[in-house]
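Trainee:
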Amino acid sequence: MNTAFTFLLVLLFVATPVAARGEFPAGSGKSSPFGTSAQREFLAAKEAFRASAWRDDRRLYVGFVIAEDYYLHRHRFAS
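Taking mature numbering (1 follows the signal peptide of the UniProt record, and there is no 0), I'd label the letters of the sequence shown as residues -20 to -1, 1 to 59.
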């Protein structure tokens, strides 16, 4: 009984920091709880947010192709 309690206590102290860092994502399957092969480098801004422009008759359109898992936030745009 004492060994089982010690094991559970150690498991609690080991698993809590991992869960707090968010390394157990809900169903994404992209991250490992041990931080091994799942860690990846961030893309450069030009690669993560590719600008595109096209013209249709008298209108000019500008847009972004955003890489998966990257986001733009409104408060980060310069006006």
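Heads up, the beta-carbon is just placed ideally off N, CA and C, and yes, glycines get one too.
Have a look at residue 26 and residue 36 and give me their C-alpha separation to the nearest angstrom.
Mentor: The sequence position of residue 26 within the sequence shown is 46, counting from 1. The sequence position of residue 36 within the sequence shown is 56, counting from 1. Distance between the alpha carbons of residue 26 and residue 36 is about 25 angstroms.
Trainee: If the criterion is Cβ atoms closer than 8 angstroms, does the pair residue 28 and residue 41 meet it?
Mentor: As a working mapping, residue 28 is identified with position 48 in the sequence shown. As a working mapping, residue 41 is identified with position 61 in the sequence shown. For residue 28 and residue 41, no; Cβs fall outside 8 angstroms.
Trainee: Would you mind stating whether residue 22 and residue 31 have Cβ atoms separated by less than 8 angstroms?
Mentor: Position 42 of the sequence shown, counted from the first residue, corresponds to residue 22. Position 51 of the sequence shown, counted from the first residue, corresponds to residue 31. No. Outside cutoff.
Trainee: Tell me residue 41's beta-bridge partners as DSSP assigns them.
Mentor: Counted from its first residue, the sequence shown places residue 41 at position 61. DSSP lists 34 as partners of residue 41.
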